[in-house]
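My numbering applies: residue 232 is where the sequence shown begins, and numbers increase by one. Ideal placement from N, C-alpha and C gives every residue a C-beta, glycine not left out. Working notes for the structure below.
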Amino acid sequence: MQVDKRKLYHLDWYLIINGLILFAIGLMNLISATSSFYSGSYGFIIKQLVAFCAGVVLIGVIINFDYHTIAGHAHIFYFVVLAAVVLVLVWGMAAGGARRWISIFGISFQPSEFIKPVLVLLLACILHEKKREKALLGPRDVLVPFIWTLSPFVLILLQPDLGTGLIILLVALALLWFVGMKKSTYAILIAIGTFLPLVAWQYVLKPYQKQRIYTFLNIDADPLGVGYHTKQAMIAVGSGKFFGKGYLQGTQHKLQFIPEHHTDFIYTVFAEEWGFLGSIVFFILFLTFIRRCLKISQDAHDDLGSIIAFGLATIIFLQFTINVLMAIHLAPVVGIPLPFISYGGSSLISVLISVGLLLNINMRRYMF
């Protein structure tokens, strides 16, 4: 495949460098987070680097195809990933009380991670004509996007994976807001949003998920269970104080006080070792990355590219925000990885697919 040098010239190097810095921080943090494990950090780092290389290869493939062509195949991507999500429920690997992974030829991956960018592509294809016509979405206009969203949402809840399900639902709502809705549509969605949590509490949420919400409202409700781990996470973040304890000097994760500190709670490792000052730099890096994504959305050649870029920026923003708020007890505990930072090949590759699409959209605003 021959690479068009004009496209390489228009690569968004700000986005690339920002993402590489975040990934480098993630690798350093992962070494520290896994250093106390019996198997050590080596296996985790190798797997993360392999996932990164696979993601970079996918970026190279993605940027060589017009994003209109890629979006034109969104339905195919959607059904392939949806079929993989269904397979998880039938033949998936169970771990930690959930069935979220599937193994093919010895390679394990989490299909639900890939539904995030794929769903954004699909919804953008459905909505971009309305955006171009500057027509506000009525109740009937949002029905089709919700049908496409609710199918993976329900399947992911059955795994169960409330965090991923919540992300795709919020992203769909964000895209509808971005395109624009009529007042009547807002009224209906608000009414459904008021009623839906009651239904979810009664018929959808598992007992342990309800317990997490109880703990969020009253951290002492389960002092030896979820409450204990949440308190330890807060202690880890607070113990970093202003300058932190220093790299590889964190104690809370090394003594195994914090659960999943290499995945969902990985921010606690960083905050303990780098402190408030390091966290400020960390937040600035994420916010500048998200801001760059939104800039690509703003400057996109057409509404299709603008909606795709906005949706991808929303995914990264939501995952970053919820993950950090969860670690400092400002949000209930849910399984949401921190982009670029948390251990997990599927999550990392999904983020890099999003980066490839963003680079694609930015490059082609100069090509028309």
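Taking VAL287 as reference, the option from ALA264, PHE254, VAL317, PHE275 with the minimal CA-CA separation is PHE254.
In this structure, LEU352 lies near ILE539, with their beta-carbon atoms less than 8 Å apart. Take the alpha-carbon of GLU503 and the one of PHE447: they are about 22 Å apart.
Residue range 497-530 is occupied by the alpha helix (DSSP H) that includes ARG522. Around the beta carbon of HIS493, a 10 Å sphere encloses 16 or more other beta carbons of the protein chains shown; the residue is thus reported as buried. In the three-state reduction of the DSSP assignment, ARG371 falls in the helix class, which pools H, G and I. Assigned with DSSP and collapsed to three states, ALA366 falls in coil, not helix or strand. For TRP408, there is no enclosing beta strand (DSSP E); the enclosing alpha helix (DSSP H) has its first and last residue at 393-410. Beyond the five residues adjoining it in sequence on each side, ILE450 comes within less than 8 Å, by CB distance, of GLY458, THR461, LYS462, HIS560 in the same chain, given in chain order.
The beta carbons of LEU589 and LEU246 sit closer together than 8 Å. Beta bridge pairing from DSSP links MET324 with TRP332.
Judged by beta-carbon spacing, GLY394 lies within the 8 Å limit of GLY566, meaning their Cβ atoms are closer than that value. Straight through space, the alpha carbons of ILE338 and ILE497 are spaced by roughly 23 Å. ASP297 sits close to ARG595, with the two beta carbons spaced by under 8 Å. Only residues of its own chain outside the window of five on either side were considered, and among them SER272 have a CB closer than 6 Å to the CB of ILE262, listed in chain order. If you draw a straight line from the Cα of GLY575 to the Cα of ASP533, it comes to about 34 Å.
In the DSSP assignment, the residues bridged to PHE340 are ILE333.
Distance from the CA atom of ALA403 to the CA atom of TRP322, rounded to whole angstroms, is 28 Å. ILE335 sits away from MET324, with the two beta carbons spaced by 8 Å or more.
Rounded to whole angstroms, LEU289 and GLY257 show a C-alpha spacing of 20 Å.
In this structure, ARG443 sits away from GLN390, with a CB-CB distance that is not shorter than 8 Å. Exclusion of the five residues before and after ILE546 leaves LYS347, VAL402 as the residues of its chain whose Cβ lies within less than 6 Å of its Cβ. Annotation: the continuous alpha helix (DSSP H) that includes PHE551 extends over 534-558. For SER267, there is no enclosing alpha helix (DSSP H), as DSSP gives it neither H nor E. Here the alpha carbons of GLN341 and PHE548 stand approximately 20 Å from one another. In the three-state scheme derived from DSSP, where H, G and I count as helix and E and B as strand, THR494 is classed as coil. Residue nearest to THR380 within the set SER578, LEU406, LYS365 is LEU406 (criterion: CA-CA distance).
Per DSSP, the unbroken alpha helix (DSSP H) holding PHE275 starts and ends at 273-293. Scanning its chain for C-beta atoms nearer than 7 Å, with the 5 sequence neighbours on each side dropped, one finds around ALA264 the residues HIS484, HIS492, HIS493, ILE497, VAL500, in chain order. Minimum Cα-Cα distance from VAL468 among the listed residues GLY509, TYR309, LEU313, PRO438 corresponds to GLY509. Contact between LEU525 and PHE541 holds: CB atoms are separated by about 7 Å, below the 8 Å threshold. Taking the Cα of GLY411 as reference, the smallest distance to any Cα among PRO438, LEU358, ILE378 is reached at LEU358. Shortest Cα-Cα distance from VAL317 to any of ILE387, LYS437, GLY477 involves ILE387.
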